[in-house]
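What follows is a set of notes on a single structure, which appears directly below.
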Amino acid sequence: MRKRRAAEVRATLRQWRWPREFRIRPAPWPDDILSAFAGLSAPDAVRLDEPGQAPGPRAAASGDVPGLSGRSLADVATSVWRLRVRMAGLPEGMRSTTRHVEKAWDTLAEAGVEIKDHLNAPFDSGLSISVVAFQPTPGLERERVIETIRPSVYLGDQRIQMAEVIVGTPDSTDGTRPRPGAREQRQ
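Printed below as a string of structure tokens:
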């Protein structure tokens with residue numbers, strides 16, 4: 320007990336050498352309680368590694384991804400989606416480098432993450448997507464998504480990122496009238 324107290328005093332004195340904003344606070348829990356928690360969690364890890372025992376459901380299936388918040392997961396998914404879209408435009412000789420991107424895509428899919436690109440999808444005002452702009456586009460008969468800025472990202476049934484898109488509207492200057500179901504061009 321006396322050695323532990325002396326160690327705590329030395330640690331406190333070492334921290335006082337530094338400005339207050341750089342000091343590391345002592346643990347809010349005593350060491351004996353922290354070691355008890357570590358002992359309680361260790362048997363769970365051993366049980367999962369025993370042969371012949373089926374592992375439990377993956378963490379992503381329950382909606383929790385250890386180490387990633389919903390925002391971080393959405394950022395990772397969006398980055399992998401952007402890489403995949405760019406890799407699709409590469410010449411066939413250079414596409415051998417895409418296997419890492421495809422592996423990341425497959426890993427996200429196995430974890431229950433669905434990345435939905437809305438490119439060329441018909442637009443309806445009831446869709447759960449964020450429209451950044453409406454752009455008159457010649458040759459369209461009805462409103463369509465002409466560019467996806469960010470895809471929709473779902474973890475299981477929960478949406479963690481809403482898509483951001485640009486919607487093309489029928490161009491009224493090409494002489495054709497928009498179909499009755501299409502929204503009129505905004506001025």
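So the sequence shown is numbered by the working numbering: it starts at 320 and just counts up by one. Glycine is no exception: its CB is placed at the ideal position from the N, C-alpha and C atoms. Bear in mind the structure is a predicted one, so any value in this text is a computation, not a measurement.
Per-residue burial, residue i [other beta carbons within 10 Å of its own, 16 or more giving buried]
i: Ser471; result: buried
i: Gly487; result: buried
i: Glu327; result: exposed
i: Glu427; result: As written in the sequence, residue 427 is Leu, which differs from the Glu given in the question. So Leu427 ends up on the buried side.
i: Leu392; result: buried
i: Arg321; result: exposed
Interface flag, residue i vs chain C, CB-CB below 8 angstroms
i: Pro457; result: Structure shown: chain C not included; a single protein chain is present.
Proximity winner among the options, relative to residue i (alpha-carbon distances)
i: Phe442; options: Glu460, Leu427, Asp425, Thr426; result: Glu460
i: Phe453; options: Ala423, Pro489, Lys422, Ala482; result: Pro489
i: Ala396; options: Glu340, Arg333, Gln480; result: Gln480
i: Val404; options: Leu392, Lys322, Glu421; result: Glu421
i: Arg401; options: Arg339, Ile485, Thr467, Ala355; result: Thr467
Secondary structure of residue i, DSSP reduced to three states
i: Gly487; result: strand
i: Phe341; result: helix
i: Ser391; result: helix
i: Leu474; result: strand
i: Ser398; result: helix
i: Ser449; result: strand
i: Arg403; result: helix
Nonlocal neighbours in the same chain, by C-beta distance under 7 angstroms from residue i, ignoring five residues either side
i: Arg469; result: Thr397, Gln480, Ala482, Glu483
Spatial neighbours of residue i in its chain, beta-carbon cut-off 6 angstroms, leaving aside the 5 residues before and after
i: Arg377; result: Caution applies to Arg377, whose pLDDT of 41 falls short of 50 and renders its modelled position unreliable; the value that the coordinates give is listed next. Cβ within range, chain order: n/a, list empty.
Residues near residue i in its chain [Cβ-Cβ closer than 8 angstroms; skip 5 each side]
i: Gly382; result: Bear in mind that the predicted position of Gly382 carries a pLDDT of just 49, short of 50, making it too unreliable to give a figure here.
Heavy atom of the ligand PLP within 7 angstroms of residue i beta-carbon
i: Arg401; result: By its list of ligands, the structure shown contains no ligand whatsoever, and the ligand PLP lies outside what it can speak to.
Exercise. Contact between the segment 444 to 451 and the segment 414 to 434: three or more CB pairs below 8 angstroms?
Worked result: Fewer than three Cβ pairs drawn from the segment 444 to 451 and the segment 414 to 434 lie within less than 8 angstroms of each other, which leaves the two stretches out of contact.
Exercise. Three or more beta-carbon pairs under 8 angstroms between the segment 472 to 479 and the segment 424 to 433, yes or no?
Worked result: At 8 angstroms Cβ cutoff, the stretches touch.
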